[in-house]
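Shown next, in structure tokens, is the structure this report addresses.
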Amino acid sequence: MSAASLPVDPNNLEALWMPFTANRQFKRKPRLLSRAEGMYYYTPDNRQVLDGTAGLWCVNAGHGRKSIVEAIQKQAATMDFAPGFQMGHPLSFEFAARLQAMLPGDLNQVFFTNSGSESVDTALKIALAYHRARGEAQRVRFIGRERGYHGVGFGGISVGGIAPNRKQFGLQLPYVDHLPHTHDPARNAYSKGQPEHGAELADRLEAILALHDPSTVAAVIVEPVAGSTGVLIPPKGYLEKLRAICNKHGILLIFDEVITGFGRLGTAFAAERFAVMPDLMTVAKGITNAAVPMGAVFATKAIYDAFMNGPENTIEFFHGYTYSGHPLACAAGIATLDVYRDEGLFARAAELAPYWEATMHALKGTRHVVDIRNLGLVAGIELEPRSGAPGTRAYDVLVDCFEAGLLIRTTGDIVALSPPLIVEKPQIDRMAEMLSAALRRVA
Ligand code: PLP
């Protein structure tokens with residue numbers, strides 16, 4: 087018997103090197119999900135787990151949506167793959183046009199990627215090449231923000247502001263600086279919606295620009311709401327200031343909407359929710375309801391047009407992925423947009439937001455809780471860390487919730503909740519009850 091034909095033990099967890107996971111801890115006591123439908127996951131032993139996190143902030147229309155499944159099945163049987171370089175296929179153009187029709191502000195062009203990380207690195211490259219195309223090749227600097235998460239490519243970790251994601255690797259992009267983060271519990275704890283205090287933190291951008299010479303800066307990149315580092319909502323007036331400063335200095339503003347895109351805040355994009363328009367926007371996750379991996383960068387027509395010169399047979403942007411605009415992803419994406427539209431899911435999120443806010447804030451006073459913040463259908467519940475063991479309390483809460491039948495996400499000692507936009511009020515109640523019970527159980 088050759089090694090390849092040896093029977094494989096399905097319970098052997100050793101071969102897989104898991105992403106962003108404490109591998110040894112997990113494999114000692116695994117948490118497996120094997121089926122999903124609507125608002126629920128199911129474990130291999132058929133235990134129901136309420137999805138408080140839309141998977142990983144991505145399954146906005148809920149799990150196993152029939153029309154999305156069928157669209158993927160049909161496309162797989164019709165054409166599995168088509169090259170996207172110097173060739174095209176109808177669905178990629180159709181999906182781009184569908185997205186274009188819903189883009190806010192001057193955003194107008196759609197470049198497909200396969201993930202949020204790829205979207206971020208693509209947007210950074212577009213920014214550099216755009217300035218070059220306009221004769222401003224000296225604009226090579228990026229300004230990110232502390233506690234920003236922009237995926238795991240070298241561009242993304244460089245502009246990102248999460249120390250462990252950077253320091254394990256040493257090497258990063260040069261010419262990057264960071265704004266301070268906006269998390270200020272001393273002034274803003276238990277804010278409902280946008281915090282009152284902190285708009286002045288955007289003024290730090292002027293100081294950073296002065297240090298580097300603004301004419302050397304290509305772009306500022308921020309998440310409108312920082313998700314992965316614990317639901318940091320922008321203070322009132324903060325994003326407006328960033329926009330004004332970027333305008334003043336000819337610097338592009340990039341919104342990373344990988345989490346906020348596709349309805350999370352009750353509008354299609356956070357840019358609309360805050361009425362602040364970026365020059366470039368990165369998305370992924372909800373673009374296909376996570377049924378097939380995909381991401382995209384949206385750019386203004388002015389940016390696109392800056393590339394469209396020179397001889398017509400020149401490739402204008404030397405960038406792209408084998409799977410940019412993959413047929414299965416486009417089929418899933420079009421079907422996903424249909425579900426969002428037909429079920430009015432973004433408006434639904436907006437309608438549910440006050441109930442969500444009230445239910446989440448009712449957790450105030452529960453053991454360990456030191457702050458609660460929310461916007462749209464997202465909430466961050468910050469716990470007091472155990473002394474000398476940061477992150478362990480929230481992790482124990484995650485394990486406890488999972489065993490009780492609720493999926494939450496934690497980062498450090500912050501619990502993040504972001505359910506699918508199909509969530510019902512009794513399920514919101516249930517999430518709060520289960521979380522509250524876990525907080526009371528966990529030391
Ligand atoms: N940008 C933001 C704001 C994100 O939240 C994420 C993932 O959570 C990413 C980028 C990276 O996306 P991906 O994991 O698809 O590469």
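Count along the sequence shown from 1, then add 86; that gives the number in the numbering used here.
We put the beta carbon where it would ideally sit given N, CA and C, even for glycine.
Since the model is a prediction, treat every value here as computed from it, not as a measurement.
At least one heavy atom of ligand 1 lies less than 7 angstroms from the C-beta of Y235. Contact between S203 and V238 holds, since their C-beta atoms are separated by about 5 angstroms, short of 8 angstroms. Cβ-Cβ distances below 6 angstroms link H236 to V206, G242, V245, G246, D342 in the same chain, with the five nearest sequence neighbours on each side left out; the list follows chain order. Under the DSSP assignment, E510 falls outside any alpha helix (DSSP H); it carries neither an H nor an E label.
Taken atom to atom, the span from the alpha-carbon of D263 to that of G256 is near 16 angstroms. Distance between Y481 and D391, taken at the CA atoms: about 48 angstroms. Under the Cβ criterion (8 angstroms, minimum of three pairs), the segment 429-438 counts as touching the segment 500-507. In this structure, the straight-line span from the alpha carbon of A183 to that of L99 is close to 43 angstroms. Taking C-beta separations shorter than 6 angstroms and ignoring five residues to either side along the sequence, the partners of P471 in its chain run D499, following chain order.
Across the set P413, A418, G396, T302, the C-alpha of A418 shows the shortest separation from the C-alpha of G372. When C-alpha distances from K113 are compared across V455, A163, N97, V383, the shortest belongs to N97. Under the 10 Å beta carbon count, R117 is surrounded by fewer than 16 other beta carbons and is classified as exposed. DSSP, reduced to helix, strand and coil, places T445 within a helical segment of the structure shown.
Within the same chain, Cβ atoms closer than 8 angstroms to the Cβ of L469 are found at H454, V455, V456, R479, A480, V483, D499, I500, V501, L525, the five residues on either side in sequence being excluded.
Checking the 7 angstroms criterion, the Cβ of W442 is out of range of every heavy atom belonging to ligand 1. By alpha-carbon distance to V485, the top candidate from R516, A529, L338, M165 is A529. Distance from the CA of T164 to the CA of M363, rounded to the nearest whole angstrom, comes to 38 angstroms.
In the DSSP assignment, Q134 is bridged to Y128. If you check the CB distance, E232 and P266 come in under 8 angstroms. Per DSSP, the unbroken alpha helix (DSSP H) holding R114 starts and ends at 109-114. For L492, DSSP records a beta bridge to L136. For I345, the CB falls within less than 7 angstroms of some heavy atom of ligand 1. Setting aside the 5 residues that flank it on each side, N274 is surrounded in the same chain by P281, H283, each with a C-beta closer than 6 angstroms to its C-beta; the list follows chain order. By the Cβ criterion, the segment 356-370 is not in contact with the segment 408-425, since fewer than three pairs of Cβ atoms, one from each stretch, lie closer than 8 angstroms. In the DSSP assignment, T164 falls within the unbroken alpha helix (DSSP H) covering 152-164.
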